[in-house]
Each structure stands twice: as structure tokens, then as C-alpha cells.
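Student:
Number of protein chains: 2
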Amino acid sequence: MTYATRLTQATADRGRLCVGIDPMPSVLDAWGLSRDVAGLEACARGIVEALGDRVAVFKPQSAFFEAYGSAGVAVLERLLRDIRAAGALSLLDVKRGDIGSSMAGYAAAHLGEGAPLWADAITVSPYLGVGALRPAIDAAVAGGQGLYVLARTSNPEGATVQLARAEGDRSVAQAVADAVAELNPAADFAVGLVTGGTHESLGVDLSGFNASLLVPGIGAQGGTVESLPAIFGAATRHVLPTASREVIGHGAGELVERFERLVLATAAL
Amino acid sequence: MTYATRLTQATADRGRLCVGIDPMPSVLDAWGLSRDVAGLEACARGIVEALGDRVAVFKPQSAFFEAYGSAGVAVLERLLRDIRAAGALSLLDVKRGDIGSSMAGYAAAHLGEGAPLWADAITVSPYLGVGALRPAIDAAVAGGQGLYVLARTSNPEGATVQLARAEGDRSVAQAVADAVAELNPAADFAVGLVTGGTHESLGVDLSGFNASLLVPGIGAQGGTVESLPAIFGAATRHVLPTASREVIGHGAGELVERFERLVLATAAL
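As they're listed, the protein sequences go chains A and B.
Each residue of the first sequence is one higher than the one before, counting from 989 in the working numbering.
Each residue of the second sequence is one higher than the one before, counting from 989 in the working numbering.
1. Per the DSSP calculation, SER1159(B) is bridged to which residue(s)?
2. VAL1045(B) and ALA1074(B): beta carbons closer than 9 Å?
3. By the criterion of Cβ-Cβ separation under 7 Å, what are the contact partners of PHE1052(B) in chain A?
4. How about PRO1114(A): is its C-beta nearer than 9 Å to some C-beta of chain B?
5. Where do the N-terminal and C-terminal ends of the beta strand (DSSP E) with THR1141(B) fall, by residue?
6. Taking VAL1160(A) as the query, report the chain B residues whose CB atoms sit under 8 Å from its CB, ordered along the chain.
7. Do you know how far the Cα of ARG1153(B) is from the Cα of LEU1077(B)?
8. With H, G and I counted as helix, E and B as strand and the rest as coil, what does DSSP make of GLY1185(B)?
9. With which residues is SER1050(A) paired in a DSSP beta bridge?
10. Nearest chain B C-beta to VAL1251(A) closer than 9 Å, yes or no?
11. By the 10 Å Cβ neighbour count, where 16 or more other Cβ atoms means buried, how is LEU1243(A) classified, buried or exposed?
12. Restricting to Cα atoms, I'd like to know which of THR1212(B), GLY1196(B) and SER1195(B) is closest to VAL1203(B).
13. Kindly list, in the order they appear in chain A, the residues whose Cβ is closer than 9 Å to that of ALA1222(B).
14. Going by Cα to Cα distance, which pick from SER1090(A), LEU1039(A) and GLY1191(A) is closest to ASP1157(A)?
15. Would you say GLN1133(B) lies against chain A (beta-carbon separation less than 9 Å)?
16. So if DSSP puts VAL1112(B) in a beta bridge, which residue, or which two residues, is it bridged to?
17. Residue range of the beta strand (DSSP E) that ALA1013(B) falls in?
18. My output table needs one value for PRO1123(A): the three-state DSSP class, helix, strand or coil.
19. Could you check what DSSP says for ALA1130(A) in three-state terms: helix, strand or coil?
20. Closer than 9 Å, CB to CB, is VAL1118(A) near chain B or not?
21. Give the interface partners of MET989(A) over in chain B, defined as CB-CB distance under 7 Å, in chain order.
22. Tell me the rounded alpha-carbon separation between ALA1059(B) and ARG1042(B).
23. What residues in the stretch 1057–1069 of chain A bring their beta carbon closer than 7 Å to a beta carbon of chain B?
24. Less than 9 Å between CB atoms is the rule here; does ARG1072(B) satisfy it with respect to chain A?
25. What does DSSP give as the partner residue(s) for PRO1229(B) in the beta ladder?
26. Identify which residue in ALA1231(A), ALA1240(A) and ASP1193(A) has its Cα closest to the Cα of ALA1223(A).
27. List the whole-angstrom C-beta distance separating PRO1048(B) from CYS1031(B), where the pair is believed to meet the contact cut-off of C-beta under 8 Å.
28. Are any of the Cβ atoms in chain B nearer than 9 Å to that of VAL1164(A)?
29. Residues in the same chain with beta-carbon distance under 6 Å from ARG1084(A), minus the five sequence neighbours each way, listed in chain order, please.
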């Protein structure tokens, strides 16, 4: 089954909200856990234990696991297996981007059955060109997995690169979106985009885009579910709104209530 | 001691050639090693055992370690310690790039004494803006470590993003180089650039650039040491030419001879 199909089913069953697993030091503090690999594991796997049967998609942020070296990456391996066992989808936020054999190395880490850090989808970065992502795209399609290519991020510093003018007098973000849209029919709509949800104007026309749009930053980072239709227009139906600290940043006791409140808001999308 | 100072000393002592540690499947084959984590460890650490007292800078490519999951990352941890113990510098090619707390997570993995994957320098990707790299820049300067920001890569697909027109009618690669140059006086020249060594024309003016330039692709990928002055002009003195398969791709028996031949060519730079 393709990633696009699994995503449609999961969000139809469980609601269209992705929960970011960002066990950063301040989140460990809020949970009353130690800032070490044991605290990391208790927090990250605790989120899936509490919400695994309610959430359609979990998005672990690799950086917070890598911060603890190989021991943290081992926790991430266990977490990804937990998510799969709970019947939820995993979308691993790693933002990898390289060329040739190195890109193939990253693909081997995450894509294809048996990959040690297998995830339903991963995020990738196009600074070396969407074309350079080819080894990952091929591996994702073959494995029924998904990719999300960074297009327009929510941070202000992103404009320098993302709003520069690419060929055809369009923004770099638009050129990335167009290249991805062109790939998709042959790629089972496996390749989505990452686009911030806090811009008044995106600088990218996504009205014809037909794969998934990962939109982080709902809640604590300033985005709201209600503002998404004004930003994404006709493409709103492809948006996967993602909240992290808003759900997980207040300790284990508030997880279910905070998730339920936010996922309810997405029902109107 | 700053990274820039350590780099100057190491290259003065040992010659100005960086050796890429890219233990990809085809390299393991050439070494007669198995395509598994044991083969990975024998190859990667074998390179440092054979060349650790001759090479100024080793550049391990993280993707080939991550391909084996947490077990591969544990090999990378041991390799980075080997390099340090051998008195060489480590430049870890990870091309990380994220924002805020996530970027801080990557910094915690690699920067600051005690970081589990400590390296003398790491590569980073500016798709989210050079400004978004701030947590890594601050951590690198505080720890006496270095960063190399991707500017202009050698692959043809890179042009879409890197040669797009940024503010001030310059290429994105130039805008990245200018932003890095501006940072550097206050940052102890800790922040260098990654620029391909196979372009006839770079599309970036680096004549006034005053920190290190990592130039991969010497040897097997088509770049030559002899062509560097024509590409880099006055900035050639900052170039750190990097060869990987040319040195390590022919088995353990040819390591020393192949390194010695190439490092000799860099003496004229």
C-alpha cells in the first residue's frame, strides 16, 4: 500500500493532526524527567504509549535523539517500532540532503523494509537540488514510503534562500514545489512538501499541488488550525497540521486532553 | 585554541589534503569486507589506523554510518575518538540544517566538549537560512570548533537553488558566502564553506573570503588539485582539497601510497 493511501486511511480514522515528538530539554523538565537518555526514552515512548491508539501520524524530530549520540539513536529505533506497533504512522523529521552515494546511504537508514530507522515517511532538504534526492525518491516509492521536501519554512531567516528567484521568475520554494509536483504522478504521490503555517503569505502557489503538505508550528509556535484555509486555499485538503509543544510540552498528564482538543479543531478542515 | 588555528597547524605539519572516509558498499567490496556493521568498522577505523599519523584532516560521511542505524552511529563515535587520538582533525560531513531548538539538538550532538559525536568541525546546510544556523555557530565558537556551510556543490542539480538570484542580484551561493564572511571576524574564522571543485565557473566570488573552503571531489569525482587555482584564485590558499575514493577506494594495501601521491600535489597550492 502506498504512503499516500495509508495516510488517507489513518487520518480518516483518527483525525488529521500530526503530533510532533520533540523531547527537547525543556520538555523533559516539564515532564519531571532527567535530561539524559533515560529521560529521553521515558518521554518519547511515553507519548506513544498514551496516544498511540488515537494519533494518525507521529513526527519524531531526529535532532533530539542524536543529541545523545548512538544511545539516543537506539531510543529512536525503539520509538519508531512502537509507533508502527500502535497502528500509527511515523514521519521522521531528519531533513537529510546529500548527493549520490551519500544520499543513498541516508535512504538505506530509513527507506526499504528492514531499514534500521524505518519510518513511514521522512523529511529531506533540497539545497543540493530536488534532482539530488533521486536515490531517496526511488527507495521511498519502492518501499511504499513517503518523503517531505522542505519548500517554505516558517522561520524568518528562511527567506534568503527560499524566496530567491529561480529560473522562470518564481521563488526557489515554488521551483521546489513544481519539481515535486512533476515527480508525483509517477511516484504514487509519495513526495510531499514541508511548508510553514505561520506566514501571512507563503510565496508559493500550491493550488494545484496534489500530495501531502506537512505544516508544522500549530499551537505553541503561533500557527492555528483556523488560519490554514486562508493560507493554503484549495490545497488545504492536503495539509497535515502538526503540533508539538502544544500537545507534549505540559507533562504526561495533559497529553490526551490537549490532543483531543486540537484534533477536534482539524475536523472542519 | 580555535579551529582555524588547529587547521593551519595540522595542514602545515601534515600537508593540505583532507581524506574522506566514505565506507560505502562498493568500498567495503574493494577492501574484501562484508557489507555490514563489522565491515564498516574494519574499513573506517582501518583507514585511521593506517593514515592517522600522516593525514591532517579526515572527513567521515555520516550517511554511511547512519545506514546501519544506532550500531553504525556507535562505530562513528569510536572513529571520531580514534581520529582525535591520532592527532588528526575530524570534519564530520552531516549537512544538518534546522531551526531553533532542533538546530540546538544537532549542536548538542557534535559541538561542545563531551558531545557524543564530537568533531573538530561539521558541515551544515543553509536551506533554512544562514541565520537559522546561529545555535550551531555559537556552540562551535564556544567550543573552538568549526562549521562548513554548503554554498555551491559540485552536482549539476544544485544549480536550481544555489544559482537562484537572491537579494542584491547575487546568487544564493554568493549570499550564503557573504553572510558567512560577515560572521567570521567575530567568530574566529570558525565558519567555512563547502564549494565544489569541479565547476569551470563557481558562480561565487570568493576572492575576499578569509576562512576555510572545503572542496570535495578531488580524484575519483573528476576534480584535480592542479585546477584549483584557476577556480579559486586568491582564495586558493584557504582551500582544503578533499579526496575520498581516490585514496580509500582501492583496498587497504594502497592507502599510504595513494595518500602520499595526492598530498604531494597539494604542496604547490
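A virtual CB, placed ideally from N, CA and C, is assigned to each residue, including glycine.
All of these numbers come straight from a predicted model, not from anything done at the bench.
Tutor: Concretely, from the data shown:
1. For SER1159(B), the pairing in a beta bridge is given by DSSP as ARG1153(B).
2. For the 9 Å CB-CB criterion, VAL1045(B) and ALA1074(B) do not form a contact.
3. Neighbours of PHE1052(B) on chain A, chain order: GLY1093.
4. Output row for PRO1114(A): interface = yes.
5. Counting along the chain, THR1141(B) sits inside no beta strand (DSSP E), nor does DSSP assign it H or E at all.
6. Here the neighbours are THR1148, VAL1149, ALA1152 and VAL1160.
7. Linking LEU1077(B) to ARG1153(B) through their CA atoms gives a straight-line distance of about 36 Å.
8. Residue state, collapsed to three classes: coil.
9. For SER1050(A), which the question treats as bridged, DSSP gives no partner whatsoever.
10. In terms of beta-carbon proximity, VAL1251(A) stays away from the interface with chain B, with every pair separated by 9 Å or more.
11. Flag for LEU1243(A) reads buried.
12. Out of THR1212(B), GLY1196(B) and SER1195(B), the CA that lies nearest to the CA of VAL1203(B) is found in THR1212(B).
13. In chain order: nothing, as chain A lies at least about 26 Å away.
14. Of SER1090(A), LEU1039(A) and GLY1191(A), the residue nearest in Cα terms is GLY1191(A).
15. No - not a single Cβ of chain A is within 9 Å of the one on GLN1133(B).
16. DSSP output for VAL1112(B) lists ARG1084(B) and VAL1137(B) as bridge partner(s).
17. The sequence given here has Pro at residue 1013(B), not Ala. Here PRO1013(B) belongs to no beta strand (DSSP E); instead the alpha helix (DSSP H) covers 1013–1018.
18. Helix, per DSSP.
19. Of the three classes helix, strand and coil, the one that applies to ALA1130(A) here is helix, per DSSP.
20. Interface residue (Cβ-Cβ distance to chain B less than 9 Å): VAL1118(A) is classified as such.
21. Annotation: MET989(A) has no Cβ neighbours in chain B at a cutoff of 7 Å; minimum Cβ distance is about 24 Å.
22. Spanning the two alpha carbons is a distance of roughly 28 Å.
23. Taking 7 Å as the Cβ-Cβ cut-off against chain B, the residues of the stretch 1057–1069 of chain A that qualify are GLY1057, SER1058, VAL1061, ALA1062 and GLU1065.
24. So no, ARG1072(B) is outside the interface.
25. Bridge partners of PRO1229(B): VAL1203(B).
26. ALA1223(A) has its Cα closest to that of ASP1193(A), out of ALA1231(A), ALA1240(A) and ASP1193(A).
27. Contact between PRO1048(B) and CYS1031(B) is absent: CB atoms are separated by about 11 Å, not below the 8 Å threshold.
28. True, the Cβ-Cβ gap to chain B drops below 9 Å.
29. Hits under 6 Å: TYR1094 and VAL1112.
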